[in-house]
Amino acid sequence: MSNQCADVVIAGGGVMGNATAYYLRKKGCSVIVLEEEMLGNGGSSRNGGGVRQSGRDNRELPLAIYGIGNIWPHLSEELGVDIEYHQAGNIKFAKDERGVEFYKKVVEQNLKKGLELRMLNQAETREICPLVSDEIIASCYCPSDGHANALMTTLAFYKRARELGARFITGEKVLSVKLHKGRAKGVITSRGNVYEGDKIIITAGYESRAILNSVHIDVPMRRKLIEVIIIEMQPKIFPMMITIPDYDGGGYGHQTDHGSFVFGGHIPLENYLRPEEKEVTQLITTASNCNQLVSYFPYFKDAKVIRSWSGWTDLCQDEVPVIGNIDEVPGLLTACGFTGHGFGISPAVAACLSELAVDKEPSVDISGLSYSRFIM
Amino acid sequence: MAEYLDRSSDIGKLVAMPDDDMIICRCEEITKGEIRKAIHDGMWTMTEIKRYTRAGMGLCQGQTCSRIIKGMIAKELGVLPLSIDDNTARVPVRPVEVRVYGKGIN
Ligand SMILES: Cc1cc2nc3c(=O)[nH]c(=O)nc-3n(C[C@H](O)[C@H](O)[C@H](O)COP(=O)(O)OP(=O)(O)OC[C@H]3O[C@@H](n4cnc5c(N)ncnc54)[C@H](O)[C@@H]3O)c2cc1C
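Residue numbers (our numbering), protein chains in the order written: chain A, 53 to 428; chain B, 7 to 112.
Written out as structure tokens, the structure reads:
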């Protein structure tokens with residue numbers, strides 16, 4: 053086969069790989085993206101669409117703030133596709149004093165980081181989110197958070213990068229990184245094809261671990277299946293993203309532009325699924341998601357569930373991703389281990405990766421997210 | 007693993023057709039022209055087209071339009087319809103009320 057070389061070769065066509073290809077094309081680099089299945093096969097097309105800063109670890113918060121301030125607002129225009137981004141806020145509910153105390157601390161901590169969050173009492177909560185259950189006594193509100201359509205965002209980055217000349221090949225499973233004189237110089241796929249590049253970027257979600265293992269790099273992560281349900285189209289109900297605290301079972305959701313409602317929760321069994329299984333919805337999860345949703349929003353009890361799906365998350369040992377150059381192997385970069393909250397920061401992560409790939413300082417300080425934090 | 011597809015292969019230019027206004031996905035009211043544009047934007051699988059246009063994402067989950075869309079992809083790419091994978095069917099097959107799914111909701 054001809055033309056198997058590019059300045060940068062990327063393994064994995066999720067939102068991270070696609071967006072990185074887009075930013076690299078804007079910098080004039082030639083790019084090949086190799087994807088095992090299809091574009092947006094992983095969590096990128098299965099997530100809840102949350103674009104939030106609140107509740108993020110200090111090490112990744114700057115990425116969220118940078119993306120919301122500089123990229124998300126004009127992304128639809130830039131990519132030529134409506135990705136349905138709305139800076140409509142994120143509201144986290146408290147049912148009891150324990151919740152109120154918990155969120156008061158969250159507000160305080162976030163104010164210190166320069167992020168505006170505020171406590172709302174019951175009446176204020178109902179005013180901006182009228183359908184919430186009477187049991188909710190307060191909430192914690194971050195007006196600058198929001199949501200977007202994850203499926204469209206992932207495919208829009210692909211579409212625009214492809215238009216700009218990035219080469220995408222699907223049906224190519226990357227098995228290993230190829231070294232030349234100690235530097236990463238390419239990847240080898242299961243079809244026996246070799247793709248060479250000056251920089252190699254691994255953005256294959258949990259599978260990044262196996263690929264990086266080929267050059268003795270091991271990101272400590274495991275995978276976990278989580279699920280989302282879709283409720284049939286509703287009249288406009290409320291604009292913001294809602295969050296149910298983890299100590300009460302967890303959950304998140306928003307209404308899409310189409311009118312359907314996306315809701316994702318957790319189930320106790322999710323840690324005990326057989327890891328080798330393909331992602332399939334578990335019988336118990338939709339029921340659990342329905343119970344959880346109705347306990348916060350009785351409004352939905354007569355609405356119909358039209359769809360459910362599941363997706364893998366790549367849980368990193370310390371719950372934040374590994375992003376950037378891998379110093380042990382010059383020329384090799386990665387972004388993986390997003391721990392179920394990578395979508396909101398994806399454009400900022402990709403912008404930084406593209407800068408690192410051309411040996412520039414990244415726009416955001418991501419030094420706390422480097423692989424070297426695991427080297428004792 | 008999926009079949010090898012180089013998404014930069016030349017499939018020719020998107021030329022307008024007289025029947026581009028025809029509705030293909032009746033649930034979501036997606037036209038032939040919109041689906042053809044999606045294919046030329048690089049969406050070469052049923053699932054990518056569904057996610058990009060909403061065709062097949064409605065209440066019937068593509069029971070009527072899937073075959074037609076498959077034929078359209080095959081035609082634009084110059085391949086056999088048989089070589090194109092179906093969409094993943096999602097649970098529930100028919101819409102089900104939240105209170106039916108949940109436990110003790112009344
Ligand atoms: C149900 C659910 C809800 C979520 N909700 C949110 C949310 O509200 N907000 C938020 O910020 N985040 C959320 N997330 C997390 C978010 O979706 C991910 O962090 C993000 O999509 C990661 O993108 P990625 O490109 O790194 O990975 P992926 O989307 O997993 O992409 C990796 C790609 O690599 C491909 N691949 C794998 N192995 C190979 C190989 N060997 N060779 C070539 N290609 C390979 C895969 O097929 C896949 O397409 C959620 C995730 C799930 C599953």
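Even glycine gets a Cβ: it sits at the ideal position worked out from N, Cα and C.
Own chain residues within Cβ distance below 8 Å of residue i, not counting five before or after
i: A:S312; result: I282, I283, E284, M285, Q286 and I358
i: A:K353; result: V346
i: A:K356; result: I283 and E284
i: A:T338; result: E279, I281, V357 and S360
Where the beta strand (DSSP E) through residue i begins and ends
i: A:I378; result: Note, A:I378: premise wrong, no beta strand (DSSP E); not H, not E.
i: A:H232; result: V226 to H232
i: A:A146; result: N142 to A146
i: A:A73; result: Where A:A73 is concerned, there is no enclosing beta strand (DSSP E), although the alpha helix (DSSP H) it sits in stretches over V67 to K78.
i: A:M6; result: Nothing can be reported for residue 6 of chain A, as the shown portion of chain A is limited to 53 through 428.
i: A:Y423; result: No beta strand (DSSP E) holds A:Y423; DSSP gives it neither H nor E.
Backbone CA spacing between residue i and residue j [nearest angstrom]
i: A:I336; j: A:K251; result: 44 Å
i: A:W124; j: A:P399; result: 8 Å
i: A:N265; j: B:I41; result: 41 Å
i: A:W361; j: B:P98; result: 10 Å
i: A:S97; j: A:A116; result: 19 Å
i: B:I74; j: A:V85; result: 30 Å
i: A:G69; j: B:T37; result: 30 Å
i: A:G132; j: A:L207; result: 11 Å
i: B:K76; j: A:F220; result: 21 Å
i: A:N162; j: B:E82; result: 52 Å
i: B:M23; j: A:H138; result: 35 Å
i: A:N343; j: A:E87; result: 37 Å
i: A:E179; j: A:F290; result: 10 Å
i: A:S424; j: A:G394; result: 20 Å
i: A:V381; j: A:G249; result: 14 Å
i: B:M28; j: B:A44; result: 15 Å
i: B:D92; j: B:S72; result: 8 Å
i: B:K56; j: A:G223; result: 19 Å
i: B:D16; j: B:L86; result: 17 Å
i: A:S191; j: A:S128; result: 31 Å
Contacting residues, own chain, Cβ-Cβ under 7 Å from residue i (five flanking each side not counted)
i: A:E322; result: K276, L277 and I278
i: A:H318; result: I278, G301 and G302
i: A:K147; result: E187, I188, I189 and D300
i: A:A387; result: M68, T255, P373, I375, V401 and L405
Boundaries of the alpha helix (DSSP H) in which residue i is found, first to last residue
i: A:H310; result: No alpha helix (DSSP H) contains A:H310, which DSSP labels as neither H nor E.
i: A:C404; result: S398 to A409
i: B:M52; result: M52 to T59
i: B:V104; result: V104 to Y107
i: B:R32; result: Neither: B:R32 is in no alpha helix (DSSP H) and is coded neither H nor E.
i: A:E130; result: L127 to L131
i: B:I79; result: S72 to L83
9 Å Cβ cutoff met for residue i and residue j
i: A:Y258; j: A:W364; result: yes
i: A:Y193; j: A:I143; result: yes
i: A:V246; j: A:Q56; result: yes
i: A:D309; j: A:N173; result: no
i: A:R108; j: B:Y10; result: no
i: B:T94; j: B:C31; result: no
i: A:L91; j: B:E54; result: yes
i: A:D379; j: A:S422; result: yes
Cβ-based neighbour list, residue i, same chain, cut-off 6 Å, excluding 5 preceding and 5 following
i: A:R104; result: N142, D197 and G396
i: A:S54; result: Any reading at A:S54 needs caution, since the residue's pLDDT is 43, under 50, leaving its predicted position unreliable; the model's value is listed next. Same-chain partners within the cutoff: there are none.
Cβ-heavy atom distance, residue i to ligand 2, below 8 Å
i: A:M68; result: In terms of ligand content, the structure shown lacks ligand 2 and carries ligand 1 instead.
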